[in-house]
Amino acid sequence: MDPEIQKMREVVLVYLDRSGGLQKFVHDCKKYNDSKQSYAVYRFIISINPSDITELDATLGNYILHNPLRAAQIFQSVCFVAIKTLSLIEQLQTEAQISILLKPTHLPPLPSYVLSLSAYPFNYTSPRFYMSEGIVIAMGTVTKYTQGARFLCTEETCPFSEGFRCIRVHCPGATESATVRTDFVCSLCSSPLQEDMKFRVLGDKQIVEMIDAKILNALKGYSIDKSHFRIQALTLFLRDELANKMTIGNRYRIIGIPACVQNGLQATACIEVTSVQLCKPNGPSFVSDNFKYLLSLTSSSCWRFTAVLANIFASQVLPPGTYNTLKLAILLSLVQTCEKENGDYLDLLIMTSDTLVIDRLLNYSLCLLPRGIRHPPSSDIFPSVSKDKHGSASIQACSAVLAKGGICYIGDLSSYKKDKLELLQSVLESRTTTVFIPGKKYGEEADQQVTVSVQTNFWSFVDVDSSSKKHIQKENFLIGQMDVSLIPVNLVDGFGLLIYNEFPSCRLSSPVVHHILKKAINPEATLYKASQQFTTQDYEEFILFARNLHVELSSEAESLIQGYYLASRRVRRDSIHGSTLSASALKILISLAKAHAKLSLRQTVLEEDAVIAVLLLESSLTLKHGTSALCVAPNPVFPFDLSDENSLQQRDIYLMQCHHQLLKFISAYSSGIHINTNEE
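According to the UniProt record's numbering, the sequence shown is numbered sequentially starting from 1.
If you want it as structure tokens, here you go:
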């Protein structure tokens with residue numbers, strides 16, 4: 001025996017003993033032994049820390065990192081000797097029956113260990129461990145594959161015609177035909193081998209498509225980063241305990257062995273995955289000094305900081321002071337993005353005549369989040385099923401799932417057909433979508449239904465001018481009500497906020513016209529001082545910081561929200577349909593109030609936050625159903641332009657009056673809710 005191999009075997013035993021791997025191995029052996037059943041293959045998973053094992057023996061560490069199949073054979077021989085010496089599995093006969101899967105805990109943080117199909121060189125033919133990171137864009141259903149099989153020689157006098165001498169075990173990157181087929185011959189007498197079907201060992205297999213996270217920049221529709229890059233999906237094989245360990249739309253870091261699988265004339269680059277780790281986004285732990293200074297300047301009022309934020313927001317695409325209500329709503333929606341199952345979502349539907357201006361604003365805002373997706377009209381918004389390269393069913397992620405924890409901007413809502421709008425309404429209500437997989441079509445025995453979680457905020461707009469031409473408008477409108485009859489009522493209610501922008505296209509404000517003309521002449525010009533003081537990167541960092549804040553409702557804010565909700569349900573009702581206030585209104589109110597607290601960099605939702613939430617929702621309800629007894633102004637959050645500190649002071653006085661008016665409204669129409677007023 002080679003002395004070097006013998007030394008490595010001794011090191012393997014020492015490492016397993018020190019790391020606790022030997023104890024786990026003995027425990028796994030006990031399960032097999034207790035079953036009293038003979039298997040063709042006994043499979044063991046061994047966790048390896050490359051750093052620790054390299055310290056014990058550099059040669060063995062090099063084997064594990066760069067020749068894992070050979071390293072697995074060394075572990076296999078050590079495990080076989082241990083089983084026979086300690087009598088751990090009575091049924092085991094030969095070393096070939098042991099299948100070892102090495103799982104490194106990590107790889108060295110060096111470029112040569114990173115595999116990416118968007119950067120040269122493409123080292124997908126080296127059978128060693130690589131690390132790769134990306135987003136799951138497609139997932140197949142779980143199917144079966146052959147882990148191992150027992151073959152017997154057809155020549156009765158051959159020693160290999162009995163026992164467990166001819167064992168075939170799946171190797172990384174190998175197809176099913178490499179493990180089981182009918183043309184194998186005996187290595188001893190060259191007679192044909194025949195499989196003993198009783199001993200075939202089956203395992204679970206799932207095919208997943210993963211793509212570099214850079215794809216998100218390409219799907220934004222507009223990006224500040226002008227660099228060019230190559231994007232290609234990578235096929236992953238998840239086997240046995242790793243099947244269903246990935247969720248479509250999530251970002252993962254995986255370790256595995258690459259292989260090139262032939263499928264007819266085509267070759268597919270794939271990775272046999274050995275470990276999967278979910279990548280959680282880490283937001284910045286700071287905001288820029290300019291924002292800190294602005295926060296200190298506006299600390300005298302709970303409303304001023306967010307007012308100034310909205311006033312100067314997106315000065316790269318719009319002049320400061322324009323579209324303030326819409327910009328505030330966008331900022332609230334941006335900070336209310338998360339990847340939680342039951343998150344506080346805030347969807348926006350904008351009624352506008354200025355589709356070009358609104359489109360530019362929404363496109364710009366998308367890019368402030370890592371996951372802002374502009375939905376291309378030619379593709380599906382929600383997951384769909386198609387055949388993969390192997391003919392099996394594969395669920396494709398599509399825009400809404402790729403925007404997980406971010407924004408999905410779906411453009412003009414009136415351009416979608418009825419079935420798409422109905423599906424969107426269902427998703428807005430449940431935050432899930434169901435994918436039906438017909439078994440007959442994809443070679444499965446039974447039909448399947450897969451439920452996919454949709455954790456994103458939706459933005460959309462309706463072109464008021466074009467929609468008015470497509471249908472006959474109603475004649476009997478209530479005061480303040482807009483004609484939104486082109487869109488189903490339940491779908492409009494599904495969006496958290498309905499917003500009508502301030503300037504119809506026939507009379508665009510002079511600053512907006514000047515801005516558009518100047519940008520057309522010089523697109524790279526910085527037109528306003530605010531753009532220099534508060535850059536796009538500053539807003540990116542601010543939003544990522546603010547959205548990670550954990551906020552709690554104060555008892556005062558909760559009472560105000562509940563009081564307004566109950567009062568509105570009583571006021572907004574008719575004799576036929578009952579209350580016109582949707583059941584989701586309370587959730588939307590809480591989401592708005594929490595978002596305003598986050599935007600103010602507070603961790604407690606105050607009454608002032610609840611007042612802004614109520615005014616925004618009441619304005620939205622007025623557009624849908626007409627004015628109520630609360631009777632808010634058409635633009636209640638920004639009643640006049642913010643030009644100096646005096647105008648901010650006037651706005652504070654106005655909002656305090658709104659607060660007082662709201663308390664009166666609650667006391668008049670919401671019995672059973674007691675709220676302290678200033679007089680008390």
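Idealized CB from N, CA, C, for every residue including glycine.
Residue environment, residue i, which counts as buried when at least 16 other CB atoms sit within 10 Å
{"i": "Ala557", "result": "buried"}
{"i": "Thr604", "result": "exposed"}
{"i": "Lys285", "result": "According to the sequence shown, residue 285 is Ser rather than Lys. With fewer than 16 other Cβ atoms within 10 Å, it is exposed."}
{"i": "Asn476", "result": "Confidence is the limiting factor: at Asn476 the pLDDT is only 49, short of 50, which leaves the residue's position unreliable and the question unanswerable from this model."}
{"i": "Ile653", "result": "exposed"}
{"i": "Cys408", "result": "buried"}
{"i": "Gly406", "result": "buried"}
{"i": "Lys404", "result": "buried"}
{"i": "Phe80", "result": "buried"}
{"i": "His375", "result": "buried"}
{"i": "Gly21", "result": "buried"}
{"i": "Gly163", "result": "exposed"}
CA-to-CA distance, residue j to residue i, given in whole angstroms
{"i": "Phe461", "j": "Asp412", "result": "5 Å"}
{"i": "Ser647", "j": "Thr298", "result": "13 Å"}
{"i": "Asp388", "j": "Met139", "result": "9 Å"}
{"i": "Asn62", "j": "Ile46", "result": "17 Å"}
{"i": "Tyr252", "j": "Val11", "result": "32 Å"}
{"i": "His390", "j": "Met197", "result": "25 Å"}
{"i": "Ile666", "j": "Ser301", "result": "24 Å"}
{"i": "His515", "j": "Val317", "result": "8 Å"}
{"i": "residue 682", "j": "Tyr15", "result": "No answer is possible for residue 682: it lies beyond the span of the chain, which begins at 1 and ends at 680."}
{"i": "Thr325", "j": "Arg573", "result": "27 Å"}
{"i": "Lys220", "j": "Thr352", "result": "22 Å"}
{"i": "Pro127", "j": "Ala259", "result": "7 Å"}
{"i": "Phe382", "j": "Asp204", "result": "27 Å"}
{"i": "Leu566", "j": "Ala668", "result": "11 Å"}
{"i": "Lys340", "j": "Gln76", "result": "43 Å"}
{"i": "Val276", "j": "Lys245", "result": "8 Å"}
{"i": "Tyr442", "j": "Cys186", "result": "37 Å"}
{"i": "Arg43", "j": "Pro159", "result": "25 Å"}
{"i": "Ile373", "j": "Gln396", "result": "15 Å"}
{"i": "Ser505", "j": "Ile350", "result": "No answer about Ser505 holds up, because its pLDDT of 39 lies below 50 and its placement is not dependable."}
{"i": "Tyr345", "j": "Ile64", "result": "46 Å"}
{"i": "Ala613", "j": "Gln649", "result": "20 Å"}
{"i": "Leu617", "j": "Asp493", "result": "11 Å"}
{"i": "Gly256", "j": "Ser19", "result": "22 Å"}
{"i": "Ser591", "j": "Gln266", "result": "50 Å"}
{"i": "Asn363", "j": "Leu331", "result": "13 Å"}
{"i": "Met131", "j": "Ala314", "result": "38 Å"}
{"i": "Asn217", "j": "Ile211", "result": "12 Å"}
{"i": "Arg431", "j": "Leu102", "result": "39 Å"}
{"i": "Gln661", "j": "Ala393", "result": "58 Å"}
{"i": "Tyr539", "j": "Lys327", "result": "13 Å"}
{"i": "Ile5", "j": "Ile100", "result": "17 Å"}
{"i": "Ala597", "j": "Val551", "result": "7 Å"}
Simplified DSSP assignment, three categories, for residue i
{"i": "Phe503", "result": "Confidence in Phe503 is poor, its pLDDT being 45 and thus under 50, which makes the residue's placement unreliable; the coordinate value appears in the next sentence. It is coil, neither helix nor strand."}
{"i": "Arg251", "result": "strand"}
{"i": "Val169", "result": "strand"}
{"i": "Ile381", "result": "coil"}
{"i": "Ala307", "result": "helix"}
{"i": "Cys186", "result": "coil"}
{"i": "Glu90", "result": "coil"}
{"i": "Ala583", "result": "coil"}
{"i": "Arg547", "result": "helix"}
{"i": "Tyr113", "result": "helix"}
{"i": "Lys205", "result": "strand"}
{"i": "Arg239", "result": "strand"}
{"i": "Tyr39", "result": "coil"}
{"i": "Ala269", "result": "strand"}
{"i": "Gln336", "result": "coil"}
{"i": "Glu445", "result": "coil"}
{"i": "Tyr130", "result": "strand"}
Beta-bridge pairing of residue i - partner residues as DSSP gives them
{"i": "Leu349", "result": "Ser460 and Leu498"}
{"i": "Gly140", "result": "Ser394"}
{"i": "Ser275", "result": "Ile255"}
{"i": "Gln194", "result": "Leu152"}
{"i": "Ile48", "result": "Pro104"}
{"i": "Met210", "result": "Val136 and Leu234"}
{"i": "Val435", "result": "Val450"}
Continuous beta strand (DSSP E) assignments of at least 3 residues falling wholly in the stretch 395 to 423: 407 to 412
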